[in-house]
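Worksheet: the structure to be examined is printed underneath.
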Amino acid sequence: MRLRRIFSLIILLNLAVHASLTAAMAFVFMEDTAEPVKAELFAAGELDDGGLLVAVHLTIQPGWHLYWEHPGEAGMPVSITWRLPEGYRALPLEFPLPGRFEAAGLIGYGYDEEVVLFSAIVPQVPGNSQRLRSDLFPLQAEVSWLSCRESCIPGSASLRLETGEPDSSRSGLVDLWRSKVPVASSSATVAVERFVLEEVNGDFRLRADLAGPDADAVNGFFPLSPLEGLDLKGIEAAPGRLLLPLKGSDFPETVSGVLVTGNGAYRTEKIPVEISSGSSAPDDAGSLGAMLFLAFFGGMLLNIMPCVLPVLGLKVFSLIGPGGDRAAGRFLSLVFAGGVLFSFWVLAAFIWGLQAMGAQVGWGFQFQSPAFVMFMAAVVFAFALNLFGVFEFSAPVVSGRLGRLASHHDSAGAFVSGVLATTLATPCTAPFLGTALGFAFAQPPGIIFLIFTVIAAGMAMPYVVLAWHPSWLKFLPRPGQWMYRFKQIMGFILVAVVVWLASILGSQGGSPAMLNLFVLLFAVSFVLWLTGLFTAPGTSTLRQALVWLITIGFLAGAYMLLSGRIGTISSDSRNSLEPGSHTDGNGVVWLDYSPDVLDTLLKEEKSVLIDFTAEWCLTCKVLEASVLGNEEIGRALKREGLVAVRADWTSRNDEITALLQRFGRSGIPLLVIIPQGRIDNAVVLPEVVTVDMLLDALSGVSGDSLSKLQGDM
3 MRLRRIFSLI ILLNLAVHAS LTAAMAFVFM EDTAEPVKAE LFAAGELDDG GLLVAVHLTI
63 QPGWHLYWEH PGEAGMPVSI TWRLPEGYRA LPLEFPLPGR FEAAGLIGYG YDEEVVLFSA
123 IVPQVPGNSQ RLRSDLFPLQ AEVSWLSCRE SCIPGSASLR LETGEPDSSR SGLVDLWRSK
183 VPVASSSATV AVERFVLEEV NGDFRLRADL AGPDADAVNG FFPLSPLEGL DLKGIEAAPG
243 RLLLPLKGSD FPETVSGVLV TGNGAYRTEK IPVEISSGSS APDDAGSLGA MLFLAFFGGM
303 LLNIMPCVLP VLGLKVFSLI GPGGDRAAGR FLSLVFAGGV LFSFWVLAAF IWGLQAMGAQ
363 VGWGFQFQSP AFVMFMAAVV FAFALNLFGV FEFSAPVVSG RLGRLASHHD SAGAFVSGVL
423 ATTLATPCTA PFLGTALGFA FAQPPGIIFL IFTVIAAGMA MPYVVLAWHP SWLKFLPRPG
483 QWMYRFKQIM GFILVAVVVW LASILGSQGG SPAMLNLFVL LFAVSFVLWL TGLFTAPGTS
543 TLRQALVWLI TIGFLAGAYM LLSGRIGTIS SDSRNSLEPG SHTDGNGVVW LDYSPDVLDT
603 LLKEEKSVLI DFTAEWCLTC KVLEASVLGN EEIGRALKRE GLVAVRADWT SRNDEITALL
663 QRFGRSGIPL LVIIPQGRID NAVVLPEVVT VDMLLDALSG VSGDSLSKLQ GDM
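Counting from 3, one number per residue, gives the positions in the sequence shown under this note's numbering.
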């Protein structure tokens, strides 16, 4: 729809240039050199608040027309630029009700013969009419328009008004055209109660339910802004309602316009579009029940993701550690679950806050922030040092009170482990979880919190079940010296996680960012080593508290200094990047995603495979290695003539986020096939993709089998 409008406007402007050149060269034909529009400026009357109502009278030659404030599917509206002295302002231009015309299959709204437009010039301080008289004049305005017949000619006029005295000879003209200006919604005798999206025989339309004394008298509707997908030719009026057909599956989120009756015209404010209970919105992700099931199952599968497994292993170790108290294990499992639930609630609240501010977010977006990646690397590295025995969190157990403190420490550790597991899980969207998240981000706050609560329950359930069924622990090795070795092995796994986080930071900010991270890790290791020396068993509680206070303060200062530098470095490096390409091991050329690249491919009607990925997504890397890197996939891409595009989401990219949301997803990995430039027919593959599944999809990219595959998914 938008492309059609732009294309139509380009044609109109080209015709305008052609007509202007023709008129300049063939000046002997006087009928072609005559200006199609004549503009005049005059005072229409004084306003009660001390302002002046100014009118622009546009006289239009026969056969020509001008455009309304919303021109329809092509054209440009009349506009006025005022040159006012300081202390004055012009209210929005008031357009009388337009006519409707059709040209080259396009619907337009505008005027022929003549029209009078109005604008109120008012002082910044209401009621200051004396100052209005003294220094406003001469009032100057630049009026611009596009006049069209078989061709279109842009026009403009510089106008002056020398006095604010109303022109009494034009009072009848003013009254006539003022009566045609739509009345504000607050004074309307008819209003739209709601706009409802409904499906009738496979076609979608908007139904406007009307209310008010003139509800049954409405005989027309003019939209006040471009409405994507709206069929302007098919608008119908019926008693108490309007029917606005849609050309496809796209529909606007809000609608505003002008209602027309035999007694006048009335403006409506923007009204959200509701979805009829008897129909489903186009491209609906599914029912709430299905989404909750996917959220719970996806949360369970998060436990086997590479991001979570090290921390989960540590909690299993603590469950079977020295003491083996089953009651304590059950309690710790609930504390761990509480940590998971709390962190998911915090994440949901944060996302809801960003949505309220208009930001676009996606699952795993925290890892697009270099400062966050640096923070997580430092935290995980500190955990690794703890496992290696460099320092200990626990207080000395020398009395009953200290024993209770140690018990509190275990609870805090379980809670923090739940939080850490959630934090590390966000970049690894498990199978079936992406659809649920995509559904949640488009819902009200209550549904968002419900979805995240169910995800948290799914993630915490395996640990809770294991703790409450201790008989299953017989399948685990007996406690012994191996536990200390296991603890150190877990430390090395966490170091590997730090290396992975460092690679993410390197891709975001390059070598300077890596250097800043290594400086921070050195500071963390040295300071925590000193902390371990000064907080050895037997050290007083006051001394330990003082040492830890100094340690945390020093590390916080170092982090703030270095992370601030990384933010500047990464921003500069991202701004210098240009879209390019690279070739994989199978000889497939992967283009870097940008809106311009995708638009070019779609215009050329190319079939496209888009791989949404990121350096911080380990699941994405597995997909690239096991599926996209497969030789059969490489041959299929070349054989079917697909263009491979890689959308790298490592750093925050609002354009990629918007494209993900267009496909009904908010997380990665994601593979999308666009057949022959038809993005509306795109096939969104499931989160779990096998080589055979992708081969089937690629083999049908140019045939009927793709439609069948799309239906199956």
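Where a beta carbon is used, it is the ideal one built from N, C-alpha and C, also for glycine.
Rounded Cβ spacing between residue i and residue j (contact assumed at less than 8 Å)
| i | j | result |
| --- | --- | --- |
| Ile62 | Glu116 | 6 Å |
| Ala462 | Phe338 | 7 Å |
| Leu208 | Leu246 | 4 Å |
Residue i versus residue j: straight-line alpha-carbon distance, rounded
| i | j | result |
| --- | --- | --- |
| Pro125 | Gln142 | 16 Å |
| Asn265 | Val176 | 18 Å |
| Ala560 | Met376 | 11 Å |
| Phe197 | Leu244 | 9 Å |
| Gly301 | Phe346 | 11 Å |
| Leu696 | Val686 | 11 Å |
| Val262 | Ala45 | 28 Å |
| Val499 | Leu611 | 31 Å |
| Ala699 | Gly587 | 21 Å |
| Ala219 | Glu238 | 13 Å |
| Gly291 | Trp550 | 48 Å |
| Leu95 | Glu201 | 37 Å |
| Gly174 | Leu163 | 20 Å |
| Leu199 | Glu255 | 10 Å |
| Trp531 | Val501 | 20 Å |
| Leu625 | Phe614 | 11 Å |
| Asp594 | Arg487 | 45 Å |
| Ala386 | Asp598 | 44 Å |
| Ile658 | Cys622 | 16 Å |
| Gly222 | Met78 | 22 Å |
| Ile681 | Leu604 | 8 Å |
For residue i, the nearest candidate out of the options (CA to CA)
| i | options | result |
| --- | --- | --- |
| Asp114 | Glu164, Arg637, Trp70, Val467 | Trp70 |
| Gly112 | Pro677, Leu226, Glu164 | Leu226 |
| Ser513 | Ala41, Pro372, Trp179 | Pro372 |
| Pro215 | Asp233, Glu200, Ala190 | Ala190 |
| Ala186 | Glu164, Gly391, Ile676, Tyr268 | Tyr268 |
| Val592 | Pro677, Leu503, His584 | Checking the sequence, you will find Trp at residue 592 rather than Val. Per the Cα distances, His584. |
| Ala627 | Pro671, Glu642, Tyr595, Arg664 | Pro671 |
| Ile506 | Val392, Ser653, Arg648, Phe417 | Ser653 |
| Leu452 | Val348, Leu548, Ala414 | Val348 |
| Thr83 | Gly355, Ile123, Gly65 | Ile123 |
| Ser413 | Phe344, Phe333, Ala350, Arg487 | Phe333 |
| Ala329 | Ala469, Asp694, Leu49, Phe224 | Ala469 |
| Glu607 | Leu49, Phe454, Gly643, Arg172 | Gly643 |
| Ala213 | Asp205, Thr270, Leu93 | Thr270 |
| Glu633 | Ala616, Met492, Val80, Asp694 | Asp694 |
| Thr602 | Ser171, Val647, Met562 | Val647 |
| Leu673 | Ala638, Asn683, Leu630 | Leu630 |
| Leu93 | Leu600, Leu54, Phe665 | Leu54 |
| Leu496 | Asn655, Met562, Asn388 | Asn388 |
Paired residues, beta bridge with residue i - DSSP
| i | result |
| --- | --- |
| Ser160 | Glu144 |
| Asp205 | Val202 |
| Thr585 | Val591 |
| Ile676 | Val610 |
| Thr263 | Val220, Gly266 |
| Tyr69 | Gly112 |
| Pro225 | Gly259 |
| Lys249 | Its beta-bridge partners do not exist; DSSP assigns none. |
| Glu48 | Leu54 |
Whether residue i touches residue j by CB criterion (9 Å)
| i | j | result |
| --- | --- | --- |
| Ala210 | Val145 | no |
| Arg151 | His67 | yes |
| Pro241 | Arg180 | no |
| Gly110 | Ala76 | yes |
| Val466 | Ser609 | no |
| Gly166 | Leu138 | yes |
| Trp354 | Ile450 | yes |
| Gly341 | Val418 | yes |
| Ala504 | Ala384 | no |
| Ser121 | Val56 | yes |
| Gly74 | Arg102 | yes |
| Ala297 | Phe454 | yes |
| Val381 | Ile273 | no |
| Val80 | Leu178 | no |
| Gly493 | Phe393 | no |
| Phe206 | Gly460 | no |
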